[in-house]
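J.:
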Amino acid sequence: MSSMHSKRIDKIDSFKDVVRVIGRGATLGRSLTLAEAEQAAQWLLSDQVDDVQLGAFLMMLRLRGETPEEAAGLAQGLRLGMRVPDDLSVDIDWPVYAGKRRQLPWFLLVSLSLAKQGKRVLMHGAVGGDADRLYLEPVIRAMGLPIAKNWQEAKAALDQHNWVYIPMEVFFPKLVDWLNLKQTLGLRSVMHTVARLLNPAQAPLSVRGVFHQEYVELHAQVALLQQTEKVIIIRGDGGEAEVSADKRIPIVKIIGGKIAHAISNAEVVDRPIAEDLSVISVAQRLSVASDLSEPYGMATCRKTLAEIEM
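Residue 270 in the numbering used here sits at position 261 of the sequence shown; the count goes up by one each step and never skips.
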């Protein structure tokens, strides 16, 4: 056959072509280039994609796994949807989208410690739909920490406190909708990867957490493509960027275009087995945590902080 349907698609002119390219199988299908993924993101932003096309796109990428070029291209293209002020100065970008199931979010204390050292830390995240996960935003709210309602408030909080959390629903509500499709489709999608890659203020250091080992390498390759000055990828508890004190945790650092792999050493420290992860309890414990009251948590904070400061 010589019809158009039996030929490999070399040029993409619409989102329908995007779906066809990634869905045509091993012989005629292929991955998107970085530029094609960026164009696909721009079509998504301009509402030129219907729900059926979006679902097909997300699930086909989920089935075979996104490539570094696809993830980086989508992140680059979607950055246009954030409208970040050019004068927003940030030292550390810290995406927090996974949530916790068993342990407290000790990494929050690490970010506050960095802010006390004078680093301008921007955390961004979203409250997902998994009822068995503790997401960070309600904890931050219960602790009375600054939560920005727009980029101007984010800048003011950074100027005053060196620390701020901005919900994704504030700066990118459309991406929140795409993340929440997990509740409809039943599976995470490439958008969960992309959310961690946005680095809204283009900070020179980005601290990213992942859960599955295959995503460690994916994020490392994406970091090379994004050319961020320094990226730290931690396969942490619950998928957040946290170095558990009692475990050997895979860590990858990308500095100046070079990848370095490491595994943290485990300490002898008792890990709490059954934690109360109610928002009020977590907020109270984090607010008064000390080596005496929280030996595991404080050890985890020290190990995480050490990896970021190195």
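Virtual Cβ for every residue (Gly too), placed ideally from N, Cα, C.
1) Grab the span of the beta strand (DSSP E) containing Asp102 for me, first residue to last.
2) Just verifying my parser: in three-state terms, what is the DSSP assignment at Arg217?
3) To the nearest angstrom, how far is it from the Cα of Asn159 to the Cα of Gly134?
4) Can you confirm whether Ala80, when its beta carbon is compared against all beta carbons of chain C, has any partner nearer than 8 Å?
5) How would you label Leu301, buried or exposed, when you count the other beta carbons within 10 angstroms and need 16 or more for buried?
6) Starting from Val185, trace the alpha helix (DSSP H) both ways and give me its first and last residue.
7) Could you tell me which residues DSSP pairs with Ala269 in its beta bridges?
8) Quick one: give me the first and last residue of the beta strand (DSSP E) that Lys16 is part of.
9) Are the CB atoms of Ala49 and Leu41 within a distance shorter than 8 Å?
10) Run through the stretch 42 to 96 for me and flag every whole alpha helix (DSSP H) of 4 or more residues, listed as ranges in chain order.
11) With Ile18 and Glu45 assumed to form a contact (beta carbons below 8 Å), what rounded beta-carbon distance in angstroms separates them?
12) Reducing DSSP to helix, strand and coil, say where Lys125 ends up.
13) Among Arg257, Cys310, Gly265 and Asp255, whose alpha-carbon lies nearest the alpha-carbon of Val240?
T.: In terms of the structure at hand:
1) Ile101 to Val105 is the span of the beta strand (DSSP E), which, as asked, contains Asp102.
2) For Arg217, the three-state secondary structure derived from DSSP is strand.
3) Each residue's Cα considered, the two are about 14 Å apart.
4) Of the chains in the structure shown, none is chain C; there is only one protein chain.
5) By the 10 Å Cβ count, Leu301 comes out exposed.
6) Taken as a continuous stretch (DSSP letters only), the alpha helix (DSSP H) holding Val185 covers Pro182 to Leu188.
7) Looking at the DSSP assignment, Ala269 forms a beta bridge with Lys262.
8) Note, Lys16: premise wrong, no beta strand (DSSP E); not H, not E.
9) Yes. Within cutoff.
10) The stretch 42 to 96 contains these whole alpha helix (DSSP H) runs: 43 to 54, 60 to 73 and 77 to 87.
11) In fact, because the Cβ distance is near 10 Å, the residues do not count as touching under 8 Å.
12) In this structure, Lys125 counts as helix in the three-state DSSP scheme.
13) Comparing C-alpha distances from Val240 to each of Arg257, Cys310, Gly265 and Asp255 shows the shortest one belongs to Gly265.
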